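**Student:** The structure that follows is given in the form of structure tokens.
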């Protein structure tokens, strides 16, 4: 099973709403990632969790709040978003995230979920 | 900042044609990956190239890593409509985060 499951598939929210995106994997991976992909653009990294601890925050605004309750789950809590936050939010997981280790990328395939398409009105 | 520039940005071809997509950077990468992303889906890894000059084949797809490990190419022989999608190269930057290329959107018409 190489599946990363994201829910919901689509989400429409107002600027005052609070919502959460969920991501789940059962591959025993200890690294999980959130990416944001705007229309016709490549994915951009937002957060990296390694062994359930936040390892990287790419200067993401605080209206996005990640949470890793256990090694299989990754949430992204959304509050007071702006219309420009509308995008496809992708979750990924890999065996580990070990910055500085030789050939880390080649040894740690990232598996992506299908994403949540978010529209902020 | 390490950047990965892909060309062409868009490609529309007829079934049966050959094509090449390029991924270029001014920085050296320890390895590069190629992904394909279909509408409504996440990217799916096609290949990882690690050694400068390396060539890998995946059925009708041929991937090459430049000798200096700054560039890569993807060649598709006899393209089929099922090859349609967004092709992304990606590499780990100097802090080991995955960064994606600018993307090449391929449309293969029957």
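Residue numbers (the working numbering), protein chains in the order written: chain L, 3 to 123; chain G, 15 to 124.
All C-beta atoms, glycine included, are put in the ideal place defined by N, C-alpha and C.
Remember, it's a predicted structure, so these values are computed and weren't measured experimentally.
1) Looking at residue 44 (chain G): is its Cβ nearer than 8 Å to the Cβ of residue 17 (chain G)?
2) Buried or exposed for residue 121 (chain L), going by 16 or more other Cβ atoms inside 10 Å?
3) Taking residue 49 (chain L) as the query, report the chain G residues whose CB atoms sit under 9 Å from its CB, ordered along the chain.
4) Which complete alpha helix (DSSP H) runs does the stretch 16–95 of chain L hold, if anything under 4 residues is left out?
5) DSSP beta-bridge partners for residue 85 (chain G)?
6) Going straight from the alpha carbon of residue 101 (chain G) to that of residue 54 (chain L), what length do you get?
7) Any idea what DSSP makes of residue 104 (chain G), helix, strand or coil?
8) At a CB-CB cut-off below 9 Å, which residues of chain L make contact with residue 77 (chain G)?
9) Hey, would you say residue 56 (chain G) sits closer than 8 Å to residue 115 (chain L), going by beta carbons?
10) Mind checking whether residue 92 (chain L) and residue 37 (chain L) have CB atoms under 8 Å apart?
**Tutor:** On the basis of the supplied data:
1) no
2) exposed
3) Those within 9 Å of residue 49 (chain L) in chain G number zero; the least Cβ separation is about 11 Å.
4) none
5) G:38
6) 31 Å
7) strand
8) Ordered by position in chain L, no residue passes the 9 Å Cβ test against residue 77 (chain G), which lies about 13 Å from the chain.
9) yes
10) yes
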